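Protein chains in written order, with the numbering used here: chain S, 1453 to 1667; chain A, 28 to 578. For reference, the structure discussed in these notes is given below.
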Amino acid sequence: MSDGSALDHHSPYETPLHRDETAVAGMWLFLASEALLFGGLFLVCLIYSHTRAGGWAEGVRHTNLSIGAANTLILITSSAVYTMAVEAGKRGDNRRVVRAGLGAAVLGLTFLALKGVEWGQEFRENLFPGPHFALHGPDTGGAQLFYSFYFLATFLHGMHMVVGIGLILWICRKARHRAFSAAWNTPVDIVGLYWSFVDLVWMLLFPLLYLIGRA
Amino acid sequence: MSGTLDPSAPQRSYLWQDGTLRSWLLTRDHKRIALLYLGSITAFFALGSVGAALVRLQLLEPTGTILSDATYNRMFTMHGVVMVWLFLVPSIPVTLGNFLVPLMLGARDLAFPRLNLLSWYLFVASGLLVVYGLFRGGLETGWTFYTPLSSEYTEGRVLPVVLGVFLNGFSSIATGVNFIVSIHQLRAPGMGWYRLPLMLWALYATSVIFVLATPVLGITLLLLAFEHLFRVGVFDPSLGGDPLLFQQLFWFYSHPAVYIMILPGMGVVSEIVSTFCHKPVFGYRFVAWSSVSIAAIGFVVWGHHMFVAGTSLYSAIVFSMFSFFVSVPSAIKVFNWLGTMHGGSIRLDAPMLYAMGFIGLFTVGGLTGLFLASLAADVHLTQTYFVVAHFHYIMVGGMVSAYFGGLHYWWPKITGRMYPETWGRLAAGLIFFGFNLTFLPQFILGFEGMPRRYATYPAQFQVLNVLSSAGAGILAVAYALPLVYFTWSLFRGARAPDNPWRATGLEWRTASPPPVENFAETPVVTTYAYDYAELDGRAGPPGTAVGGPHV
């Protein structure tokens, strides 16, 4: 991902196109790896949601559905806005890359802020597992397990959000220096892949943590 | 066709291009990164060996000699953790693989040179975390970190070690992504998939495991660390978790990781056997696809580690069956190497001695694996020294032999110097002898019922234990030998020609050591991987080394 579209003499690639295709392939492969990372987490969630169904469902019922739903909407919107940056990048329109990128980043930060509010509430209500755990239903152990996963999953997803926002801001900075052109905009594209992936993970986390077992 | 060899000319060799420390620590050259890795994993190999030496010293006497029980547990854990995570898993891919993948492809570098350097820094950081944990108290869980021992009952430093191994995984993933994308994208003109050296097929299969299995280990260890840090339930039964789930997830990675620890060795052996028999590998496509099928089947055998853990009998039967299946591609490789050797003019240089050692020891390790894959036999043998002997035959007899064989084979290419052949053969023979003396008695010990992981044992097992410890002493000397003569050869070894072994790969068509950009001009591949007729036609009559005198 060196600046501009020229290849330096030590580059392993034959042409700039060759380099750019390779970079995209690398990101896809990395995302496959990421999918397995979250896959392990989803698997454990699914298993416990069956073996400890009662307590698990009680945990689900205590999540804040309005914040969760609002955040889902915000994150989808952020992804959609970022695709405008990708489109602008393809045309070499650096100004629009900056504007759409900043839009996506602000929405991402809003997501994190709301998530922080939600976590704050949950800590105050003693929903973090431990000796003072608030839910005393018939299967309090299952409810604690649910909240173990709730906090770890949202933390891990949040860390991915932080990385993603950082990458988007990096794209904005490059675009402000008119780095992208119709001939070279691979980084905009690759960050888009990553951002969509972070979005997609939430699309699975939202039903797992907020919906399934709520009714 | 080949780079020039003129020792007097100041070569633009990658080694001496720029000698500053800064240029090494910030290098993006895959060849230099390979050497950075070589230095690091050699240090970890030494550290892991210290753990093994202390364990074998302790077991000289039935009541133990030098260690308390608690220290013994920490020492075998140190041995396992360091050897598996910081030596065996990275070993061949990050050293020989890093050095050779671009050269074998006819490329200037890996697809992502900066990611490659990052992977080394991640590796070093992970190694330091692990070492910090080991030296600030250590831990007693074994390399597998089973819960609830690692969560509820441990008195050791689980957290830094687990986080270190977690970080180590990302180093592996980076290497895997780099290799896969490079092999897809950077093949020289004319190099179709069936013209790839078999080493690359093996590394490709290994990389698939790196990319698809390692993240599952990552999340498992993260869950464990989370449980540890905040005292919340994930796997700990006293906090509502299921400890068996940890084993399921752990082995979902770690059994494929067993193949990470053997497939690259198989790749090395394929190259060496072909070269030293001066014959194409028998059944190239079968050997190539057997690597892929070992990687694929390797994903569905993890349950055989849990036959006695109270899992369902039906799942155990299925896992047993798949474990038998995985022996088929392994056997294909062994028979095809023998088929390659059949009728060849075999030269018994040190790399070939290691390769032949690999074939024999891997076969013993593989066949005893079938005992353990059988449900009835496993119930008796699991948790005994039989298992210890079995996996050491695969990982030490197999992988470490291949690693040393590969180091000898490519040493002239890497350093531009020949190692002393007599010493090389002596060390290879000594390693083979010392290895068998160490681990053959352990098969018998295990069969007679001596359990793993204990600091003491009943007196009737002493003779075999003393034999095993004596073998370990010989191994220690034998492993130190190459360190000495390799270092010596850097300064005093004969200059290596471009192609000292008359081998066919593209890496032998450039200078020894290669220039920074690997090839003066991008090579064009016109023939299959092991075309010795073409090589002999190009390089003159057999018996001479290519590109200069073979000393």
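Note that beta-carbon positions come from the ideal geometry of N, C-alpha and C, so glycine has one too. Computed from a prediction, not measured in an experiment: that's the story for all the values here.
Neighbour flag for residue i against chain A, beta carbons, 9 angstroms
i	result
T1467 (chain S)	no
D1455 (chain S)	In this predicted model, D1455 (chain S) has a pLDDT of only 46, less than 50, meaning its place in the structure is not dependable enough to derive any value.
F1649 (chain S)	no
V1615 (chain S)	no
I1499 (chain S)	yes
G1618 (chain S)	no
L1495 (chain S)	yes
E1473 (chain S)	yes
H1680 (chain S)	This structure leaves residue 1680 (chain S) out entirely; chain S is present only between 1453 and 1667.
T1562 (chain S)	no
L1661 (chain S)	no
R1628 (chain S)	no
Chain S contact for residue i (CB, 9 angstroms cutoff)
i	result
R55 (chain A)	yes
V212 (chain A)	Note that residue 212 (chain A) is Gln in the sequence shown here, rather than Val. It does; some Cβ of chain S falls within 9 angstroms.
T31 (chain A)	Note that T31 (chain A) scores 43 on pLDDT, short of 50, meaning its location in the model is unreliable; the coordinates nonetheless yield the value given after this. For T31 (chain A), the answer is no, since every Cβ of chain S falls outside 9 angstroms of its Cβ.
P34 (chain A)	Per-residue confidence for P34 (chain A) stands at a pLDDT of 45, beneath the threshold of 50, marking its modelled position as unreliable; the derived number appears in the next sentence. Chain S, which has no Cβ nearer than 9 angstroms to the Cβ of P34 (chain A), makes this no.
G575 (chain A)	Summary for G575 (chain A): the model assigns pLDDT 45, below 50, so the residue's position carries little reliability, and this model does not support an answer.
I236 (chain A)	no
P129 (chain A)	yes
V552 (chain A)	no
M28 (chain A)	Caution applies to M28 (chain A), whose pLDDT of 34 falls short of 50 and renders its modelled position unreliable; the value that the coordinates give is listed next. Judged by the 9 angstroms Cβ criterion, M28 (chain A) is not in contact with chain S.
I200 (chain A)	yes
P242 (chain A)	yes
F279 (chain A)	yes
L533 (chain A)	no
L42 (chain A)	no
L272 (chain A)	yes
L250 (chain A)	yes
L491 (chain A)	no
Contacts that residue i makes with chain A (C-beta to C-beta distance below 9 angstroms)
i	result
H1462 (chain S)	R55, D56, R135, D136, P140, V543, E544
Residue nearest to residue i in terms of C-alpha spacing, selected from the options
i	options	result
R1543 (chain S)	S:D1641, S:L1488, S:Y1599	S:D1641
V116 (chain A)	A:F150, A:L375, A:L248, A:L213	A:F150
A73 (chain A)	A:L533, A:R83, A:M110, A:R59	A:M110
G183 (chain A)	A:V192, A:F193, A:F172	A:F172
S1600 (chain S)	A:F253, A:V192, A:P224	A:F253
P485 (chain A)	A:T90, A:L65, A:I207, A:S50	A:T90
G292 (chain A)	A:S428, A:V238, A:A416, A:L213	A:S428
F1649 (chain S)	S:G1582, S:H1609, S:G1507, S:S1501	S:H1609
G392 (chain A)	A:A566, A:I289, A:F513	A:I289
T247 (chain A)	S:P1464, S:P1590, S:L1495, S:L1459	S:L1495
G433 (chain A)	A:W43, A:V108, A:S118, A:G46	A:S118
R1628 (chain S)	S:G1644, S:D1545, S:E1466, S:L1656	S:D1545
H1462 (chain S)	A:W437, A:S67, A:L491, A:P129	A:P129
L590 (chain A)	A:V208, A:L194, A:A505	The structure shown does not extend to residue 590 (chain A), since chain A is modelled only from 28 through 578, so no value can be given for it.
Beta bridge counterpart(s) of residue i as assigned by DSSP
i	result
S40 (chain A)	A:P542
R522 (chain A)	A:R444
T411 (chain A)	A:P478
Proximal chain S residues relative to residue i, where beta-carbon distance stays under 7 angstroms
i	result
G245 (chain A)	L1489
R258 (chain A)	G1582
L86 (chain A)	What L86 (chain A) touches in chain S: nothing, since even the nearest Cβ is about 37 angstroms away.
Run of the alpha helix (DSSP H) containing residue i, from where it starts to where it stops
i	result
L144 (chain A)	140 to 162
R214 (chain A)	R214 (chain A) -> no alpha helix (DSSP H), and no H or E assigned at all.
P1468 (chain S)	1468 to 1503
T47 (chain A)	Looking at the DSSP string, T47 (chain A) is not in any alpha helix (DSSP H), and its letter there is neither H nor E.
T104 (chain A)	96 to 108
H332 (chain A)	No alpha helix (DSSP H) contains H332 (chain A), which DSSP labels as neither H nor E.
G116 (chain A)	The sequence shown places Val at residue 116 (chain A), not Gly. No alpha helix (DSSP H) contains V116 (chain A), which DSSP labels as neither H nor E.
K1542 (chain S)	1517 to 1543
D563 (chain A)	559 to 566
Within chain S, the residues that residue i reaches when beta carbons sit closer than 8 angstroms
i	result
I207 (chain A)	L1481
V204 (chain A)	G1478, L1481, F1482, S1485
L276 (chain A)	G1492, L1495, V1496
Partner residues on chain S for residue i, Cβ-Cβ distance less than 9 angstroms
i	result
V192 (chain A)	By Cβ distance, chain S contributes nothing, its closest Cβ being about 15 angstroms from V192 (chain A), past 9 angstroms.
F126 (chain A)	Going along chain S, no residue has its Cβ under 9 angstroms from F126 (chain A), so there is no contact; the nearest lies around 15 angstroms.
F253 (chain A)	S1600, F1603, L1604, F1607
Contacts of residue i in chain A (Cβ-Cβ under 7 angstroms)
i	result
L1597 (chain S)	G260, G267, G268
A1477 (chain S)	V208, H211, Q212
Residues that residue i contacts on chain A, provided the C-beta gap is smaller than 8 angstroms
i	result
G1593 (chain S)	G260, L266, G267
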